[in-house]
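The sequence shown: position 4 = 93 (my numbering), numbered continuously.
What follows is a single structure, written as structure tokens, with notes after it.
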Amino acid sequence: MRQGAHVIVVGNEKGGSGKSTTAFHLAIFLLYQGHKVASIDVDSRQQTLTHYVRNRRDWARSHGLNVPHTTHFHLPLARGDSMRENHRIEFDLFRQAIGEVESKVDFIVIDTPGFDTNLSRLAHSLADTLITPVNDSLIDLSVMAQVDAVTGEPRDLSHYARLVQRARSERLAIDGRNIDWVLVRNRISMLSSRNMRQVQSMLERIAMRLGCRVADGIAERVIFRSLFASGMTVFDPLDEDLLGGVPSMSHMSARQEYRALVTALNLPDNSRTEARRAVLAAQPTDVNRFAHMARSET
């Protein structure tokens, strides 16, 4: 018996880390596994996940394709003069979207922006699984922590890392649940290098400091950029005409990488409706403690 949706949040306060591509492919993969999936886009500026979803629907309609689709929501930012009122409106919209699907789907996949917003903090507070894609680069590790150049040990945690730690503490206090946080090495180079080994070592040290896990993500592949316009994924049974050519080894390898990532996430069969309701049942002023994190950290 379905006990409610498991919420997967894809978050990172750095643009270009592959959040939307990861969120969309995970959602479609889960659909093909027979699950019912809803997707929520809280990135009001870029709306990349929403564009993915629209492109997919338009392409499927124009080509007569029978492919699965998520139940999708795009939540805009409130733009009134009162920040308190804006946060209340956003909270109500978010709660309404979750309430509409939480007992009807198995998974809710939420894509967040590469910057700090109230909606992003609300999404993080409800995560059962938090996925943070990190590009396989020493430069991109700074989104998690400043690393000592000599010892390789993490020193000062980033604003985002502190935000997630606070969100985990708040979630634990509200409903006794912890957020399973997974750092995903993304856009991995095809060739092993000293830089690649350094990134892996440093990311593992950062994960130990943060109390989260590390999983291998997806290699840097042109296939993802070429599929965006059609909203198709590497899991769709595309024929040669739709692909513009025979599916490549890169296409097949990307499928295997996403399957391995889902395995590493250890997603449960049953979910946590009651726990989530405890969070959403809180007064907006309580939940909006997340809204004050950014200001308290600066």
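Note that the Cβ used here is the ideal one computed from N, Cα and C, for glycine as well.
Measure the alpha-carbon distance for residue i versus residue j and round it to whole angstroms.
i, j, result
"Phe118", "Phe324", "6 Å"
"Thr111", "His213", "16 Å"
"His114", "Tyr347", "8 Å"
"Asn207", "Pro165", "11 Å"
"Asp147", "Leu138", "14 Å"
"Ala353", "Val303", "9 Å"
"Arg260", "Ala216", "9 Å"
"Val253", "Asp170", "28 Å"
"Arg257", "Ala250", "11 Å"
"Glu179", "Ser133", "12 Å"
"Arg150", "Phe313", "21 Å"
"Asp237", "His152", "53 Å"
"Ser44", "Gly265", "Because residue 44 is not part of the residues shown, which for the chain are 90 to 387, the question remains open."
"Leu356", "Ile268", "12 Å"
"Leu350", "Ser342", "12 Å"
"Ser290", "Glu174", "45 Å"
Judging by CA-CA distance, which residue of the options is the nearest neighbour of residue i?
i, options, result
"Arg326", "Arg314, His340, Ser315, Phe317", "In the sequence on display, residue 326 carries Pro and not Arg. Checking every option, the nearest Cα to that of Pro326 belongs to His340."
"Leu227", "Pro202, Val198, Arg276", "Arg276"
"Leu154", "Asn144, Phe162, Thr160", "Asn144"
"Arg184", "Leu211, Lys193, Leu350", "Leu211"
"Tyr121", "Leu252, Ser133, Pro157, Met291", "Pro157"
"Gly100", "Asn267, Pro202, Phe313", "Pro202"
"Asp205", "Val131, Ser290, Ile268", "Val131"
"Lys108", "His124, Ala262, Gly123, Gln136", "Gln136"
"Arg168", "His176, Thr159, Gly265", "His176"
"Arg344", "Ile307, Glu174, Gln287", "Ile307"
"Glu189", "Arg173, Met172, Thr160", "Thr160"
Just grab the DSSP bridge partners of residue i for me.
i, result
"Asp205", "Partner(s): none; Asp205 has no beta bridge."
"His95", "Phe196"
"Asp181", "Answer is none; Asp181 lacks a bridge partner."
"Asp305", "Arg274"
"Asp269", "Thr218"
Can you find the residues in the same chain that come closer than 6 Å, C-beta to C-beta, to residue i, ignoring five residues on each side of it along the sequence?
i, result
"Trp270", "Leu219, Cys301"
"Tyr141", "Phe113, Gly320"
"Ile182", "It is worth fixing the name first, because residue 182 is Leu in this sequence and not Ile. Excluding sequence neighbours, Leu182 sits near Leu164."
"Ile197", "Ala94, Val96, Ala127"
"Asn224", "Ser106, Asn275, Arg276"
"Ser360", "Per-residue confidence for Ser360 stands at a pLDDT of 46, beneath the threshold of 50, marking its modelled position as unreliable; the derived number appears in the next sentence. Closer than 6 Å at Cβ, skipping near neighbours: Gln92, Gly93, Ala94, His95."
"Asp305", "Arg274"
Counting only the same chain and skipping the five closest in sequence on each side, list residues whose C-beta sits under 8 Å from that of residue i.
i, result
"Thr322", "Phe113, His114, Ile117, Phe118, Leu316"
"Ser247", "Glu102, Ser231, Val232, Met233, Ala234, Gln235"
"Asp229", "Lys103, Ser106, Val223"
"Val311", "Ser339"
"Asp195", "Arg91, Ala94, His95, Leu119, His124, Lys125, Val126, Ser360"
In chain order, what residues of the same chain lie with their CB nearer than 7 Å to the CB of residue i, ignoring the 5 residues before and after it?
i, result
"Ala318", "Asn144"
Inset, instruction - Tell me the start and end of each unbroken alpha helix (DSSP H) in the region 118-172 that is at least 4 residues and wholly inside, in chain order. - result: As for any alpha helix (DSSP H) of minimum length 4 sitting wholly inside the region 118-172, the runs are 137-152, ordered along the chain.
Inset, instruction - Enumerate, from N- to C-terminal direction, the unbroken alpha helix (DSSP H) stretches of 4 or more residues contained entirely within the region 184-254. - result: Runs found: 207-215.
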